[in-house]
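Just so you know, we're using this note's numbering here: the sequence shown kicks off at 2 and counts up by one.
Backbone N, C-alpha and C define an ideal beta-carbon position, used for all residues, glycine too.
For clarity, every value in this text was computed on a predicted model and none was experimentally measured.
For reference, the structure discussed in these notes is given below.
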Amino acid sequence: MDAILTVEERVDYVIAHTSLDEQVAQLSNNAPAIPHLGIPMYQWLNDDVHGVGHAGPNATILPNGCGMGATWSKEEARLSTNGAGITIYGPNLNLVRDPRWGRGQETFGECPGLTGELVVSWVTGAQANKPREALGPDGGPLLSGLCCKHFAAYDQNKAVEFSANVSARSMWETYMPAFQRCVVEAQATHVMCSYNSLLGEPTCGNEDLLTDILRDQWNFTGFVVSDYDAWTAMQGYLSDSMVDVAAQGLNAGLDQEGGGTEAIDNITIAISQGKTTTEKVETAFRRSLRIRIRLGMFDPPGEVPYDSIDESALQSAENIEVNRAAALASMTLLKNDNQALPLVPENSSSIAVIGVQATMAGLLVGNYAEQAADNNWGDSVLAAIEARLDADVAYAPGCATIDCNSTLGFEEALKVSQNAETIIVMLGLAANSMGGEVDGPSDEREGHDRTAIELPGFQGELVKELRAASPGKKLIGVLLHGGTLALGNAKEQLDGILTAWYPGIEGANAIAATLFGDSNPAGRSASTWYRSTSVLPDAWLEGSMDESDGNGITYRFIKDQSVVDFPFGWGLSYTTFHYSDLTVEKNVKQIDPCESITLSVTVANVRDLDGEEVVQVYLKLPDATVETTLVRLVSFKRVMIKSGDSARVGLKIMPQAMAVIYDDEESDPYNDTRHMESGLLQLFVGGGQPGYVDTQHVEVDVTDTALLSSCDIGGA
């Protein structure tokens with residue numbers, strides 16, 4: 002194909018010179034070659050949700066989604082993904098509505114606002130495009146093509162038998178904003194429909210989702226791929242006939258079969274029976290072909306700048322530093338009584354490390370990184386601590402597995418800790434059941450949700466016995482996990498608690514650097530830590546997600562703060578920040594409904610240590626005439642402030658972040674009814690949520706009501 006032609010002219014040429022059978026065959030993960038046009042085969046399937054999941058030991062494996070969410074850093078998200086791959090089945094934009102969800106570890110957390118901000122940086126960083134631009138630098142090829150998944154309202158492992166019966170309010174206040182930003186602002190190349198149904202209709206056969214919203218409302222020009230075998234999984238729900246299922250998916254706007262070819266193998270039969278058309282096939286092929294051209298796959302050799310990237314770049318000093326920086330940025334300090342951390346190396350020669358997780362390097366990479374996990378690539382936490390101290394460290398596993406089903410190893414752990422001044426105990430969960438039993442209490446993964454959020458097995462008892470046997474000694478907990486935990490009495494018994502999430506292949510070094518003060522932690526939890534399983538709504542396990550049920554779901558709806566151990570947005574630093582002089586730009590006290598708001602606040606680092614602060618802005622809507630969130634994150638910024646210095650931090654709040662949903666029995670969940678409503682806006686600024694940390698606040702009045710879609714503001 003002539004590279005001088007436009008993308009659409011090249012697409013037209015291929016369409017005109019391919020047969021129906023050739024076009025149908027392209028609607029697969031494994032697109033075969035078209036030899037007479039010189040088009041090579043291409044494997045679209047790349048489950049690299051946080052790095053390279055199926056490659057050699059030198060490959061980049063970043064913190065899992067929960068860790069990237071904890072960075073609260075748009076810049077870190079952009080830098081981390083630049084150069085990640087070609088076509089990637091990620092990011093996972095689903096929200097953690099319940100900490101028991103096994104796939105929560107893949108996501109950026111529970112907040113649609115935080116997820117939406119991070120996804121724009123994550124996708125544009127990986128694709129090397131600017132927001133709202135479909136091509137790469139100077140109109141050239143994209144570096145990679147990313148996938149917004151799983152669309153939509155997918156947040157538990159009941160898969161095909163689960164129907165998300167959501168309201169218009171839930172759709173547009175919770176589920177849709179991050180996807181809209183991924184498609185409209187970030188210009189992701191493809192979208193993955195999910196296993197579940199939405200209002201009784203499988204998402205992969207849902208024309209309201211795949212055509213009316215994606216194509217007609219959001220002007221999406223990429224392609225839609227089904228989750229693995231989700232197209233064929235509609236058999237028995239839409240129809241018993243695979244021919245009908247094939248036609249339904251194609252007619253709804255599904256373009257590519259994830260998994261096998263059972264659905265697309267029936268498309269020509271469906272055409273012969275009048276259930277779909279050749280035009281539908283052509284349209285679907287056109288969409289994926291367009292992306293291959295945008296990626297430069299058919300450009301002459303040497304004209305695509307990314308062609309020169311080879312395996313030598315994998316272990317470059319620059320890439321290692323990017324990986325390590327992401328892990329460091331995710332470190333989240335939950336507790337630090339009496340400045341138990343950081344540890345001073347010269348005063349920490351007597352250290353004991355307890356916990357089987359300390360020797361499991363592969364555990365740190367989380368899920369969808371199987372080769373790295375299975376082969377224990379990277380350093381273990383124990384090895385990293387020993388390297389930092391340049392000395393051997395006393396160690397005992399305590400428990401034989403992460404499930405910790407027995408106390409038989411406690412005696413050895415207590416003995417090893419006897420002569421230590423500082424005890425570091427490893428706690429947490431098992432991604433993909435690594436280090437624990439399949440379907441055991443610590444197992445979190447796709448296909449398995451935990452039934453309880455407490456520390457697995459006797460992990461809590463291990464902390465209790467270590468505390469009882471070591472009065473006056475420092476007892477530090479290091480947590481490896483995706484979903485949040487209820488720590489129980491261990492929360493009080495531990496002097497310091499550092500959660501590392503699943504921090505990637507450089508995670509052990511990041512943990513050691515944080516424990517010993519080489520790095521000042523600035524991670525903030527992107528999910529709520531609840532006190533016990535008993536405070537969670539039972540409705541989640543029953544297939545309903547009603548925000549008004551019980552005490553509410555996620556920080557935006559929590560009525561009783563006593564059910565929370567650590568709130569969304571929580572995280573400590575080794576230094577202290579002071580907020581002052583919060584102002585609204587131009588001292589505005591009133592705004593029109595389509596206007597944004599810009600705040601400024603002074604943040605001072607008042608101690609003798611450099612550090613980063615995450616400045617957070619939350620909104621309350623006391624005058625709302627419809628049911629809405631109790632509080633919501635509407636802006637944030639992570640900033641570095643030198644010791645003794647201060648920074649004037651500006652934060653912009655867009656109308657879509659402040660909108661409410663007009664929702665009644667007649668509302669159409671597929672229709673975006675977000676409004677800016679007249680009345681009072683209360684804005685709280687600080688290092689966390691109002692009610693949990695000290696905040697400053699201002700009030701602004703909105704003068705009128707307007708439908709958000711009527712505002713010329715762009716985005717979600």
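- DSSP places SER74 outside both helix and strand once states are collapsed to three, so it counts as coil.
- Annotation: ALA327 to PRO623 spans about 38 Å, alpha carbon to alpha carbon.
- In the DSSP assignment, GLU613 falls within the beta strand (DSSP E) that extends over 612–621.
- Rounded to the nearest whole angstrom, the C-alpha separation of LEU390 and ALA359 is 16 Å.
- Taking C-alpha positions only, PHE221 is separated from LYS474 by approximately 58 Å.
- In this structure the segment 188–206 touches the segment 226–241; the number of beta carbon pairs closer than 8 Å is three or more.
- Under the criterion of beta carbons closer than 8 Å, LYS75 and GLU118 qualify as touching, at roughly 6 Å.
- GLU678 counts as buried, since at least 16 other C-beta atoms from the protein chains shown sit within 10 angstroms of its C-beta.
- For the pair ASN510 and ALA385, the CB atoms are nearer than the 8 Å cut-off.
- Runs of alpha helix (DSSP H) with 4 or more residues, each lying fully within the segment 98–159, are found at 113–128, listed in chain order.
- Rounded to whole angstroms, GLY505 and ILE62 show a C-alpha spacing of 5 Å.
- Its chain contains ILE662 as the residues whose beta carbon lies nearer than 6 Å to that of GLU174, once the 5 sequence neighbours on both sides are disregarded; these appear in chain order.
- Taking the CA atoms as reference points, GLU438 sits about 7 Å from ASP404.
- Residue state for ASN252 is assigned as helix, using DSSP reduced to three classes.
- Bounds of the beta strand (DSSP E) holding THR584 are 578–585.
- Using a 10 angstroms sphere on the CB of ALA401, the tally of other CB atoms stays under 16, which defines it as exposed.
- Under the 10 Å beta carbon count, LEU456 is surrounded by 16 or more other beta carbons and is classified as buried.
- Boundaries of the alpha helix (DSSP H) around LEU290: 279–295.
- Three or more Cβ pairs drawn from the segment 610–625 and the segment 683–701 lie within less than 8 Å of each other, which places the two stretches in contact.
- In this structure, SER597 and ARG649 do not form a Cβ contact; the two beta carbons are roughly 19 Å apart against a cut-off of 8 Å.
- Only residues of its own chain outside the window of five on either side were considered, and among them ALA487, LEU488, LYS492, TRP530, TYR531 and ARG532 have a CB closer than 8 Å to the CB of ASP566, listed in chain order.
- Where ALA605 is concerned, there is no enclosing alpha helix (DSSP H), although the beta strand (DSSP E) around it starts and stops at 598–606.
- Sequence-distant Cβ neighbours of PRO113 in its own chain, meaning closer than 6 Å and more than five residues away, are THR175, PRO178 and ALA179.
- Contact between MET332 and GLY66 does not hold, since their C-beta atoms are separated by about 16 Å, which reaches or exceeds 8 Å.
- Taken through DSSP and simplified to helix, strand or coil, ASP561 comes out as coil.
- Considering only LEU144, THR629, THR423 and GLY379, the residue with the shortest C-alpha distance to MET172 is THR629.
- Considering only PHE637, GLY645, ALA501 and ASP702, the residue with the shortest C-alpha distance to ILE592 is ASP702.
- If you keep only unbroken beta strand (DSSP E) runs of at least 3 residues inside the segment 198–245, you get 224–227.
- Note on PRO594: 16 or more other CB atoms within 10 angstroms of its CB, so buried under the neighbour-count rule.
- Nearest C-alpha to SER710 among GLY680, ASP673 and LEU682: ASP673.
- Between GLY399 and ILE355, the beta carbon gap of about 5 Å places them in contact (Cβ cut-off 8 Å).
- Listed in chain order, the non-local C-beta contacts of ALA707 below 7 Å within the same chain comprise PRO594, CYS595, HIS676 and MET677, local neighbours out to five positions each way being set aside.
- If one requires a minimum length of 3 residues, the beta strand (DSSP E) runs lying completely within the segment 326–391 are 333–337 and 352–355, in chain order.
- Going by beta carbons, THR72 and GLY126 fall outside the 8 Å limit.
- In this structure the segment 440–458 lies against the segment 92–110, because at least three pairs of beta carbons, one per stretch, are closer than 8 Å.
- Linking LEU215 to ILE498 through their CA atoms gives a straight-line distance of about 43 Å.
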